[in-house]
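Numbering (the UniProt record's numbering), first residue to last: 1 to 512.
Built from N, CA and C at the ideal position, the CB exists for glycine as well.
See structure below.
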């Protein structure tokens, strides 16, 4: 992929002409994408009797599959029962979030989210503005490493043409010793300029990062120096940290904030890849930028961009039209899947892609065996009256090129006063991403929990929020104005290759 194309997508919005940008309108009764300048008033096109690939749901996974199939020359029909794109990746106004909360309560859970809770908070500084001035990601936090596989896939597919990104200004870690958000060094210069690091910690950290770079380049003997073993696969990252004398909070910083790992007990090879990817991401598209990119207008822009890329290659899109029934038939001596749409049409397809969470409703009981998981992912989206970190001084070189209100943060496991078993991943965005009014921010928190108790998960994230706000050492720390908690039960199935056992059946994709 051409990094210059990705850089253009980061720095400027897509300026492609309307003639070449497929139309995606949330209020289209039938959202079959077409060119803005052509056929806008001609109504919905006639559906084909057969397609190569049919998809139900417009979440990120389904959208990527649709774009890949369409680019490969397959005929694609992509339907969604909702009136907007994104599925579990939807971006919502405050009113839409409240409606989602009410639907979940009426249904008693189920669907993409087991629990959804929305609340307004009174008594703090600042006040909520109009509902439409906020864009809240149901699946937040979502941030892409600048040198990561996701950005490369966006460029390779052409989906980057329909996206505008903002770069983060930096990565932070909640420090137990300082009880504050501590900025994570992004490179050699940051390490030496960090006044919170002792001389010994700076040397150990540079030794680790330099050793990682040499090991990544497969220099002779580099693996032994990096992790104390002849092979990166035979050692853990904990071994590499100990070998280089990196311990305490610095070890947590490297493990959870830089490498983005869940534990130091992974192989040194996996950790090495993550370390190198992070360091390559820092400032990739401009000096002073952090390692991460955040899509403007919310996370739903990502699946929507892949849907646009699919439409360019002829994919047909239908909103407010779900798949109600799946059956099988024999066509020209070969087995085929037959789907019935909520609009009444029946269509044959060679391959069917379903969201596993809705597979029972669509394909009926027995279509797959779901494993009863006892874990899940808890998320909390919070509108704050201001930023968690103080605004940088004018001309501060550390944030030139990055957005000061866009930061990535992590709370290490077993943080005092929180008791989180897994790291809590956080993303703060501000008005530069068009997700909230000027002067306010939206903070996303997410963590894995080994329980399906939504009440406990909710309490854990709200405690984390309180600790993070208390870590703001300014005279006027931000306050929470509004929040949305969601809980998603982990999902596994014993067979993810076939919907009903028939040849050419369907694939099941994760429900979130």
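{"query": "Going by alpha carbons, who is nearest to residue 346 out of 329, 335, 353, 334?", "result": "329"}
{"query": "Look up residue 348 in the DSSP assignment and give the residues it is bridged to.", "result": "50, 338"}
{"query": "Alpha carbon to alpha carbon, how far is residue 316 from residue 306? Give it in angstroms, no decimals.", "result": "13 Å"}
{"query": "Can you tell me which residues form a DSSP beta bridge with residue 173?", "result": "182, 410"}
{"query": "Where does residue 227 fall in DSSP's three states?", "result": "helix"}
{"query": "If contact is defined by three or more beta carbon pairs under 8 Å, each pair taking one atom from either stretch, is the region 241-261 in contact with the region 156-163?", "result": "no"}
{"query": "On the three-state DSSP scale, how would you describe residue 388?", "result": "coil"}
{"query": "State the CB to CB distance for the pair residue 513 and residue 382, rounded to an integer number of angstroms; the pair is presumed to be in contact (CB under 8 Å).", "result": "In the structure as shown, the chain starts at 1 and stops at 512, and residue 513 therefore has no counterpart that could be examined."}
{"query": "DSSP beta-bridge partners for residue 482?", "result": "120, 383"}
{"query": "Counting Cβ pairs, one atom from each stretch, are 3 or more of them under 8 Å apart for the region 434-442 and the region 171-179?", "result": "no"}
{"query": "Since residue 67 and residue 310 are thought to touch, with beta carbons under 8 Å apart, how far apart are those beta carbons, to the nearest angstrom?", "result": "4 Å"}
{"query": "Does the distance from the C-beta atom of residue 208 to that of residue 240 stay below 8 Å?", "result": "yes"}
{"query": "If we call anything under 8 Å between Cβ atoms a contact, is residue 321 one with residue 293?", "result": "no"}
{"query": "Quick one, are the C-beta atoms of residue 464 and residue 410 less than 8 Å apart?", "result": "no"}
{"query": "Hey, residue 92 and residue 138: beta-carbon distance below 8 Å or not?", "result": "yes"}
{"query": "Is DSSP giving residue 138 helix, strand or coil here?", "result": "coil"}
{"query": "Please work out which residues of its chain come closer than 6 Å, Cβ to Cβ, to residue 81, disregarding the five sequence neighbours upstream and downstream, and give them in chain order.", "result": "322"}
{"query": "Could you check what DSSP says for residue 102 in three-state terms: helix, strand or coil?", "result": "helix"}
{"query": "Would you mind sorting residue 396 into buried or exposed? The rule is 16 or more other CB atoms within 10 Å of its CB.", "result": "Confidence in residue 396 is poor, its pLDDT being 49 and thus under 50, which makes the residue's placement too unreliable to answer from."}
{"query": "Can you give the Cα-Cα distance for residue 107 and residue 229, rounded to whole angstroms?", "result": "54 Å"}
{"query": "Give the straight-line distance between the Cα atoms of residue 423 and residue 460, rounded to the nearest whole angstrom.", "result": "12 Å"}
{"query": "Per DSSP, what kind of secondary structure is residue 295 in: helix, strand or coil?", "result": "strand"}
{"query": "Whole angstroms are fine: how far does the CA of residue 386 sit from the CA of residue 176?", "result": "23 Å"}
{"query": "Would DSSP call residue 162 helix, strand or coil?", "result": "helix"}
{"query": "Tell me which residues share the same chain as residue 408 and place their Cβ nearer than 6 Å to its Cβ, disregarding the 5 neighbours each side in the sequence.", "result": "143, 168, 171, 292, 427"}
{"query": "Considering Cα atoms alone, identify which of 70, 58, 102 is closest to residue 85.", "result": "58"}
{"query": "Quick one: measure Cβ to Cβ for residue 489 and residue 114, integer angstroms, because I've assumed they're closer than 8 Å.", "result": "5 Å"}
{"query": "Considering Cα atoms alone, identify which of 302, 375, 245, 484 is closest to residue 445.", "result": "484"}
{"query": "Can you tell me whether DSSP reads residue 38 as helix, strand or coil?", "result": "At residue 38, the pLDDT of 34 sits below 50, so the modelled position is not reliable; the number obtained from the coordinates is stated separately. In the structure shown, residue 38 sits in coil (DSSP, three-state: anything other than H, G, I, E or B)."}
{"query": "Sort out for me which residues DSSP pairs residue 56 with in a bridge.", "result": "79, 354"}
{"query": "Would you call residue 282 buried or exposed, if buried means 16 or more other Cβ atoms sit within 10 Å of its Cβ?", "result": "buried"}
{"query": "Give me the DSSP bridge partner(s) of residue 237.", "result": "BP columns for residue 237 are empty, so no partner."}
{"query": "Expressed to the nearest angstrom, what Euclidean distance is found between the alpha-carbon atoms of residue 353 and residue 454?", "result": "29 Å"}
{"query": "Do residue 471 and residue 181 come within 8 Å of each other at the CB atom, strictly closer than that value?", "result": "yes"}
{"query": "Please give me, in chain order, every unbroken run of the beta strand (DSSP E) with length at least 3 that falls completely inside the region 193-228.", "result": "none"}
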